[in-house]
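Heads up: the structure comes next, in structure tokens.
Numbering (the working numbering), first residue to last: -6 to 251.
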């Protein structure tokens, strides 16, 4: 008897909840909220996009630029030879030193994203300071290259809920990575970096490189050949992203809203 009563109470509670949601929708109270599927599947904390759920064998390669440009011309040459477009996240520190290289990146048809003005830890900034970093970065990217960026990668991969909220409020998507090449670590060889990427990559992956990694260019050619042989298409990050309604799950995977 007690079990039957408990089931009846549960069914009544569910029915009341559904009636309540229907009323809210009818009254327009949820008009500006995400779809229910998004609310149910979303992580408890706000996350950037680490990778994308996709059935297609597509991946994105990305390059962060803050220090140096010694190897960038060769990277661009290899990408051109393989007819591949990627995404470069640029700081103002780098843009001010290498404007001609930045123009070359844009002229080659690569996507440009924001990486901040001064490369700070964003979680140590006030919201006003975050906005200033983003607006100044956007201004200089557009001034030098003519490109209007829509993506942002936090320096050091450093973020919290406040960072993501500010980024989204300004109309950008926060982008992380699920495959870290660690190409900035001097003790890693080209073979080490290549193996890390090949072993970690999967459909929907976003790979992190740096434009001035010592062995990045050495790895890039063989990697692109391997990806092509395995049936992968390399695209800019924005082309990999889901265009319709979506949510970001607890692991940072961008998934379509149901």
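Glycine included, every Cβ here is placed at the ideal spot set by N, Cα and C. A quick note: this is a predicted structure, and the numbers were derived from the prediction, not measured.
Closest residue to residue 55 among 248, 223, 232 (Cα-Cα distance): 232
Coil, strand or helix - residue 249 by DSSP: strand
Ordered list of beta strand (DSSP E) runs contained in the segment 66 to 101, each at least 3 residues: 80 to 83
Burial state of residue 205 (16 or more Cβ within 10 Å): buried
contact_flag[the segment 66 to 74, the segment 187 to 199] where n(CB pairs < 8 angstroms) is 3 or more: no
Beta-ladder partner(s) of residue 201, from DSSP: 55, 173
Host beta strand (DSSP E) of residue 193 (start-end): Note, residue 193: premise wrong, no beta strand (DSSP E); alpha helix (DSSP H) at 183 to 193.
With 16 other Cβ atoms within 10 Å as the buried cut-off, status of residue 236: exposed
Rounded straight-line distance, which links the Cα of residue 156 to that of residue 128: 14 angstroms
Under the three-state DSSP convention, the category residue 144 falls into: strand
Chain-order list of residues whose beta-carbon lies under 7 angstroms from that of residue 10 (same chain, five-residue window excluded): Note that residue 10 scores a pLDDT of 43, beneath 50, so its modelled location is shaky; the value from the coordinates is reported in the next line. Around residue 10: no qualifying Cβ.
Neighbourhood of residue 160 by C-beta, 6 angstroms cutoff - its chain only, sequence neighbours within 5 removed: 145, 167
Member of 182, 221, 223 whose CA lies at the smallest distance from the CA of residue 211: 182
DSSP beta-bridge partners of residue 107: 83, 145
CB of residue 152 within 8 angstroms of CB of residue 116, strictly: yes
Uninterrupted alpha helix (DSSP H) stretches inside the segment 114 to 145 (no shorter than 4 residues): 120 to 138
In DSSP terms, what residue 226 is bridged to: 51
Proximity winner among 247, 100, 191, relative to residue 221 (alpha-carbon distances): 191
For residue 167, the residue or residues it bridges with in DSSP: 145
Contact set for residue 249: own chain, Cβ-Cβ below 6 angstroms, skip 5 residues either direction: 235, 239
6 angstroms CB neighbourhood of residue 247 in its chain, flanking five on each side removed: 42, 45, 235, 239, 241
Local Cβ density within 10 Å of residue 114, reported as buried at 16 or more and exposed below that: exposed
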